[in-house]
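Numbering (my numbering), first residue to last: 5 to 136. Heads up, the beta-carbon is just placed ideally off N, CA and C, and yes, glycines get one too.
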């Protein structure tokens with residue numbers, strides 16, 4: 005069995021990215037990180053090890069959009085794991101026949117899968133000792 009270390013970040017789709025960046029910075033005191041690596045999107049706003057990734061909605065009326073990535077709902081839930089448990093999780097998911105995808109984010113490696121209700125779950129590691 006693999007063990008989750010902590011929640012890494014929550015990703016939110018927002019109507020106005022600049023306004024949201026300012027709000028999280030000015031109201032909650034979060035700092036923007038990884039802009040040099042990722043550019044404008046996502047806007048990763050952090051306090052310590054806690055992060056909120058802000059993504060712009062693809063429409064000005066996100067509540068009317070049919071896809072979660074275009075609405076103002078939670079985009080995905082990410083759990084941070086160490087490298088050993090990142091590899092264990094992949095082996096366990098394969099063993100159980102659960103499909104997932106791998107992403108190399110340059111600063112982290114992630115796998116994505118869906119829960120029974122279709123919510124996207126991410127397991128991520130910042131320990132990049134080799135590929136998945």
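First and last residue of the uninterrupted alpha helix (DSSP H) at residue i
{"i": "residue 23", "result": "21–30"}
{"i": "residue 88", "result": "87–99"}
{"i": "residue 40", "result": "39–42"}
Given residue i as reference, the closest of the options once Cα atoms are compared
{"i": "residue 33", "options": "18, 80, 56", "result": "56"}
{"i": "residue 129", "options": "118, 117, 108", "result": "108"}
{"i": "residue 3", "options": "41, 119, 49, 110", "result": "It is not possible to answer for residue 3, since the shown part of the chain is limited to 5 through 136."}
{"i": "residue 1", "options": "52, 46, 89", "result": "Since the first residue of the chain shown is 5 and the last is 136, residue 1 is not available in this structure."}
{"i": "residue 52", "options": "91, 6, 37", "result": "37"}
{"i": "residue 83", "options": "104, 122, 114, 97", "result": "114"}
{"i": "residue 28", "options": "124, 80, 54, 111", "result": "54"}
{"i": "residue 44", "options": "30, 50, 25", "result": "25"}
{"i": "residue 7", "options": "80, 91, 98, 133", "result": "91"}
Residue i: first and last residue of the uninterrupted beta strand (DSSP E) it sits in
{"i": "residue 51", "result": "47–51"}
{"i": "residue 131", "result": "Counting along the chain, residue 131 falls outside any beta strand (DSSP E), and DSSP gives it neither H nor E."}
{"i": "residue 61", "result": "Taken as a continuous stretch (DSSP letters only), residue 61 belongs to no beta strand (DSSP E), as it is neither H nor E."}
{"i": "residue 82", "result": "78–84"}
{"i": "residue 15", "result": "10–18"}
{"i": "residue 106", "result": "105–108"}
{"i": "residue 115", "result": "113–118"}
Presumed contact (8 Å Cβ cut-off) between residue i and residue j, rounded CB distance
{"i": "residue 78", "j": "residue 18", "result": "Rounded, the Cβ-Cβ distance is 12 Å, inconsistent with contact."}
{"i": "residue 116", "j": "residue 104", "result": "6 Å"}
Outcome for residue i when other beta-carbon atoms lying within 10 angstroms are tallied against a minimum of 16
{"i": "residue 106", "result": "exposed"}
{"i": "residue 126", "result": "buried"}
{"i": "residue 93", "result": "buried"}
{"i": "residue 23", "result": "exposed"}
{"i": "residue 41", "result": "exposed"}
{"i": "residue 5", "result": "exposed"}
Cutoff 8 Å: residue i Cβ touching any chain B Cβ
{"i": "residue 117", "result": "No chain B appears in this structure, which consists of one protein chain only."}
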